[in-house]
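Protein chains in written order, with my numbering: chain A, 1 to 301; chain B, 1 to 301.
1. What residue range is occupied by the uninterrupted beta strand (DSSP E) comprising residue 225 (chain B)?
2. When the distance is taken between beta carbons, is residue 284 (chain B) closer than 8 Å to residue 213 (chain B)?
3. Check whether the Cβ of residue 147 (chain A) lies closer than 8 Å to any Cβ atom in chain B.
4. Thinking C-beta only, is residue 211 (chain B) closer than 8 Å to residue 178 (chain B)?
5. May I ask which residues mark the beginning and end of the alpha helix (DSSP H) holding residue 27 (chain B)?
6. How many angstroms separate the CA atom of residue 53 (chain B) from the CA atom of residue 117 (chain B)?
7. Taking Cβ-Cβ distances shorter than 8 Å, what residues in chain A pair up with residue 161 (chain B)?
8. How many angstroms separate the CA atom of residue 111 (chain A) from the CA atom of residue 72 (chain A)?
9. What are the start and end residues of the alpha helix (DSSP H) that includes residue 204 (chain A)?
10. Could you name the residues of chain B that residue 122 (chain A) contacts, counting a contact when the two beta carbons are closer than 9 Å?
11. Are three or more beta carbon pairs between the stretch 260-273 of chain B and the stretch 139-150 of chain A nearer than 8 Å?
12. Please list, in chain order, the chain A residues whose beta carbon lies closer than 8 Å to that of residue 289 (chain B).
13. Under 8 Å, with one C-beta from each stretch per pair, do the stretch 279-297 of chain A and the stretch 37-57 of chain B reach the 3-pair mark?
14. Here's the rule I'm using: 16 or more other beta-carbon atoms within 10 Å means buried, otherwise exposed. How should residue 63 (chain B) be labelled?
15. State the DSSP-derived secondary structure class of residue 294 (chain B), mapped to helix, strand or coil.
16. Which partner residues of residue 118 (chain A) appear in the DSSP bridge assignment?
17. Helix, strand or coil for residue 45 (chain B) per DSSP?
18. Starting from the C-beta of residue 123 (chain B), find all residues in its chain whose C-beta is less than 6 Å away, skip the five residues before and the five after it, and write them out in chain order.
19. Taking the Cβ atom as the reference point for each residue, do residue 7 (chain B) and residue 41 (chain B) lie within a distance shorter than 8 Å?
20. If the cut is a Cβ gap below 7 Å, which residues of chain B does residue 173 (chain A) touch?
21. Provide the residue span of the alpha helix (DSSP H) that contains residue 271 (chain B), from first to last.
22. Who does residue 228 (chain B) pair with in a DSSP beta bridge?
23. List the residues of chain A that residue 50 (chain B) touches, going by C-beta distances under 7 Å, in chain order.
24. Out of A:94, A:77, A:86 and A:45, point me to the one whose CA is closest to residue 66 (chain A)'s CA.
25. Using 8 Å as the limit for Cβ to Cβ distance, is residue 207 (chain A) near chain B?
26. Tell me, please, whether the CB atom of residue 7 (chain A) is closer than 8 Å to any CB atom in chain B?
27. Pull up the CB-CB distance for residue 282 (chain A) and residue 15 (chain A), whole angstroms please, since I reckon it's below 8 Å.
28. According to DSSP, is residue 259 (chain B) part of a helix, a strand, or is it coil?
29. Can you list, in chain order, the residues of the stretch 244-255 of chain A whose Cβ is nearer than 7 Å to any Cβ on chain B?
30. Please list the residues of the stretch 73-106 of chain A that have a C-beta atom closer than 7 Å to any C-beta atom in chain B, keeping them in chain order.
31. Pull up the distance between the alpha-carbon of residue 188 (chain B) and that of residue 234 (chain B), whole angstroms please.
32. Roughly how many angstroms separate the alpha carbons of residue 292 (chain A) and residue 158 (chain A), rounded to a whole number?
33. DSSP beta-bridge partners for residue 13 (chain A)?
34. Just tell me which of B:289, B:219 and B:228 has its CA closest to the CA of residue 244 (chain B).
35. By DSSP, does residue 4 (chain B) sit in helix, in strand, or in coil?
36. So is residue 236 (chain B) in contact with chain A if we call contact Cβ pairs under 8 Å?
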């Protein structure tokens with residue numbers, strides 16, 4: 001447990017280029033700046049080391065993956081974490097074995113040790129978000145870790161739409177839920193649907209803070225990415241990384257299009273205060289929830 | 001199934017007085033007006049027939065309860081439903097047996113028949129919301145019904161904070177979730193916490209629409225109620241009944257302090273459109289949700 005209940009989060013929102021080394025260098029540079037600005041738990045956006053290659057199904061892109069923990073990104077962030085005494089959550093494209101790839105977050109404690117990994121459990125597949133082609137669904141289940149600065153949980157992007165994921169993570173004691181993300185608009189849809197799409201995204205994540213009386217931090221990329229060899233209109237990532245307080249209120253929010261280092265202090269003592277004043281965990285009807293493990297409750301069954 | 005996919009909802013937001021007969025007369029009058037304005041599914045606020053007596057623990061208030069279906073409110077609304085060909089959801093204080101009382105919604109189809117009841121599953125207990133004294137937790141589980149105008153689900157107030165309740169109702173095919181509600185501010189807390197409290201309430205219910213790609217209708221009362229014999233500062237009900245669309249967007253919203261009949265058309269064909277464009281139901285990890293039936297996932301276990 002931290003000596004103070006105040007913890008400073010560092011969220012890294014940035015754009016990506018085609019060269020993975022340049023992206024890693026940028027993320028490390030931003031993380032270093034965040035640490036110098038007082039951040040204690042630093043989180044990258046989803047798969048910060050590359051452009052969002054899932055815009056197409058291309059076997060060549062498997063070459064972007066790296067092992068964990070013995071890959072370049074994990075090693076570099078371990079070094080940074082130890083040097084600055086900060087916790088790091090890095091979202092990576094993991095090569096676990098030949099033909100077995102995951103969308104994985106690695107959690108590094110402030111001494112540079114790897115606490116564990118979380119492999120994205122919910123995998124989307126939609127136009128220009130062809131993740132089911134690349135990422136085997138995670139087999140880690142939902143997890144939480146005691147870091148030097150507090151007990152945290154990490155889910156990744158599509159997981160953010162599932163109250164079940166947030167609940168199961170919070171039920172392990174996580175007081176801050178991190179969501180590395182890569183989400184944006186199809187340029188042709190933006191005018192008609194853009195506001196609703198972003199609103200749904202922000203609302204559902206704020207609701208996880210409400211339902212669980214915890215903090216939520218969502219970290220998204222910026223930039224309009226049209227992938228070489230794929231073309232088309234690409235995706236316009238909507239940025240707007242944010243931190244929600246224990247009542248779901250927005251504590252800090254980034255722009256739609258600028259690279260930003262967000263330094264956001266949160267007070268972990270408010271988790272218990274909120275949960276005793278709004279005692280949702282007290283009253284869950286666990287005797288009546290068993291059907292949540294069903295796909296649907298068919299009327300003909 | 002309705003011939004048209006457009007269904008008009010009628011939400012009745014009003015104040016209550018000490019006399020139950022006057023409240024029933026008002027609710028019937030508002031329902032009649034709503035029907036004449038084209039409403040097809042009409043929903044009352046929570047326990048519209050009385051002031052919010054749970055501000056104290058007083059055995060006399062059990063006298064406010066009535067049986068279902070053979071009580072005055074159910075009978076009156078059955079008559080109204082049949083006369084106007086409308087579906088009615090009425091939130092009542094139910095006397096089921098001596099010493100067994102529930103916070104219950106009765107669902108009446110457009111021919112006046114009772115389709116069933118839902119007994120509030122999650123029961124709060126907080127200063128001035130002493131519901132655990134009065135209401136036995138429901139044993140109905142979560143439910144959905146085919147009405148003349150669409151398949152609907154009903155939860156009640158405190159249920160609204162539980163993603164599990166919304167999910168289990170939607171998983172039974174409900175395309176509209178109704179939440180009769182009685183929630184307001186403690187006057188002394190309003191200045192400091194009021195915005196966050198209301199924001200959390202609206203956010204969590206909008207999130208049920210997002211997570212499940214369905215409509216959500218929340219119906220709350222207005223008025224500052226100081227109960228005879230209880231006194232104190234009472235509760236200032238915050239009104240702001242609303243309907244959220246299938247992406248959680250606010251389609252219509254009432255005032256904080258005025259009695260209103262809201263007539264809100266919704267298009268049920270958008271449920272499938274939303275769910276195929278944002279296919280959350282497709283990707284639920286039901287193999288990893290079994291711990292949702294636990295109280296907590298203890299690290300020492």
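Glycine included, each C-beta is placed from N, C-alpha and C at the ideal position.
Let's see:
1. Position 225 of the second chain holds residue 225 (chain B). Bounds of the beta strand (DSSP E) holding residue 225 (chain B) are 222-225.
2. As a position in the second chain, residue 213 (chain B) is number 213, starting the count at 1. As a position in the second chain, residue 284 (chain B) is number 284, starting the count at 1. Their beta carbons are not under 8 Å apart, which means residue 213 (chain B) does not touch residue 284 (chain B) by this criterion.
3. As a position in the first chain, residue 147 (chain A) is number 147, starting the count at 1. No, because no Cβ of chain B sits closer than 8 Å to the Cβ of residue 147 (chain A).
4. By one-based count along the second chain, residue 178 (chain B) stands at place 178. By one-based count along the second chain, residue 211 (chain B) stands at place 211. No, they are not a contact pair.
5. Sequence index remark: in the second chain, residue 27 (chain B) carries index 27 (1-based). It spans 20-36 - the alpha helix (DSSP H) in which residue 27 (chain B) sits, taken as one unbroken run.
6. Along the second chain, read from residue 1 onward, the residue named residue 53 (chain B) stands at position 53. Along the second chain, read from residue 1 onward, the residue named residue 117 (chain B) stands at position 117. Distance between the alpha carbons of residue 53 (chain B) and residue 117 (chain B): 22 Å.
7. The residue you call residue 161 (chain B) lines up with position 161 of the second chain. What residue 161 (chain B) touches in chain A: 210, 211, 278 and 280.
8. The residue given as residue 111 (chain A) occupies position 111 in the first chain. The residue given as residue 72 (chain A) occupies position 72 in the first chain. If I take the Cα positions, the gap works out to 18 Å.
9. Position 204 of the first chain, counting from 1, holds the residue named residue 204 (chain A). Its alpha helix (DSSP H) spans residues 187-212.
10. Mapped onto the first chain, residue 122 (chain A) falls at position 122. The contacting residues are 280, 283, 284 and 285.
11. Output reads no: the stretch 139-150 of chain A does not touch the stretch 260-273 of chain B.
12. Taking the second chain and counting its residues from 1, one reaches residue 289 (chain B) at position 289. Under the 8 Å cutoff, chain A gives 164, 168, 292 and 293.
13. With a cut-off of 8 Å on Cβ pairs, the stretch 279-297 of chain A is not in contact with the stretch 37-57 of chain B, counting fewer than three such pairs.
14. Residue 63 (chain B) sits at position 63 when you count from the first residue of the second chain. So residue 63 (chain B) counts as exposed.
15. Within the second chain, the letter at position 294 stands for residue 294 (chain B). If DSSP states are grouped into helix, strand and coil, residue 294 (chain B) belongs with coil.
16. Counting from 1 along the first chain, the entry for residue 118 (chain A) is found at position 118. BP columns for residue 118 (chain A) point to A:105.
17. As a first step, residue 45 (chain B) is located in the second chain; it is residue number 45 there, counting from the start. In the displayed model, residue 45 (chain B) falls within coil according to three-state DSSP, outside both helix and strand.
18. As a working mapping, residue 123 (chain B) is identified with position 123 in the second chain. Residues 131, 132, 135 and 137 of the same chain have their beta carbon placed closer than 6 Å to that of residue 123 (chain B), with the five preceding and five following residues left out of the count.
19. Residue mapping note: residue 7 (chain B) aligns to position 7 of the second chain, counting from 1. Residue mapping note: residue 41 (chain B) aligns to position 41 of the second chain, counting from 1. Against a cut-off of 8 Å, the Cβ pair of residue 41 (chain B) and residue 7 (chain B) comes out as a contact.
20. On the first chain, residue 173 (chain A) is found 173 positions in, with the first residue counted as 1. Going along chain B in sequence order, the residues near residue 173 (chain A) (Cβ under 7 Å) are 299.
21. Residue numbering aside, residue 271 (chain B) sits at position 271 when the second chain is read from its first letter. For residue 271 (chain B), the enclosing alpha helix (DSSP H) covers residues 269-277.
22. Working through the second chain from its first residue, we reach residue 228 (chain B) at position 228. Beta bridge pairing from DSSP links residue 228 (chain B) with no other residue.
23. Reading the second chain from its first residue, position 50 is the one you call residue 50 (chain B). Here the premise fails: no neighbours, minimum Cβ distance about 23 Å.
24. Here residue 66 (chain A) refers to the residue found at position 66 when the first chain is read from its first residue. It is A:94.
25. Within the first chain, residue 207 (chain A) is the residue found at index 207, counting from 1. Residue 207 (chain A) counts as touching chain B.
26. Looking up residue 7 (chain A) in the first chain gives position 7. No, residue 7 (chain A) lies away from the interface with chain B (no Cβ there is under 8 Å from its Cβ).
27. Against the first chain, residue 282 (chain A) aligns to sequence position 282. Against the first chain, residue 15 (chain A) aligns to sequence position 15. A Cβ-Cβ distance of about 44 Å is found for the pair residue 282 (chain A) and residue 15 (chain A), leaving them out of contact under the 8 Å criterion.
28. As a first step, residue 259 (chain B) must be located in the second chain, where it is residue number 259. DSSP places residue 259 (chain B) outside both helix and strand once states are collapsed to three, so it counts as coil.
29. For the stretch 244-255 of chain A, residues whose beta-carbon sits nearer than 7 Å to a beta-carbon of chain B comprise 247, 248 and 249.
30. For the stretch 73-106 of chain A, the set of residues with a beta-carbon nearer than 7 Å to any beta-carbon of chain B is empty.
31. Working through the second chain from its first residue, we reach residue 188 (chain B) at position 188. Working through the second chain from its first residue, we reach residue 234 (chain B) at position 234. For the pair residue 188 (chain B) and residue 234 (chain B), the Cα-to-Cα distance works out to about 10 Å.
32. Numbered from its first residue, the first chain carries residue 292 (chain A) at position 292. Numbered from its first residue, the first chain carries residue 158 (chain A) at position 158. In a straight line, the C-alpha of residue 292 (chain A) is about 18 Å away from that of residue 158 (chain A).
33. Your numbering for residue 13 (chain A) matches position 13 in the first chain. Bridge partners of residue 13 (chain A): A:260.
34. Within the second chain, residue 244 (chain B) is the residue found at index 244, counting from 1. The option with the nearest alpha carbon to residue 244 (chain B) is B:219.
35. Within the second chain, residue 4 (chain B) is the residue found at index 4, counting from 1. Residue state, collapsed to three classes: coil.
36. Locating residue 236 (chain B) in the second chain gives position 236, where the first residue counts as 1. False, the Cβ-Cβ gap to chain A never drops below 8 Å.
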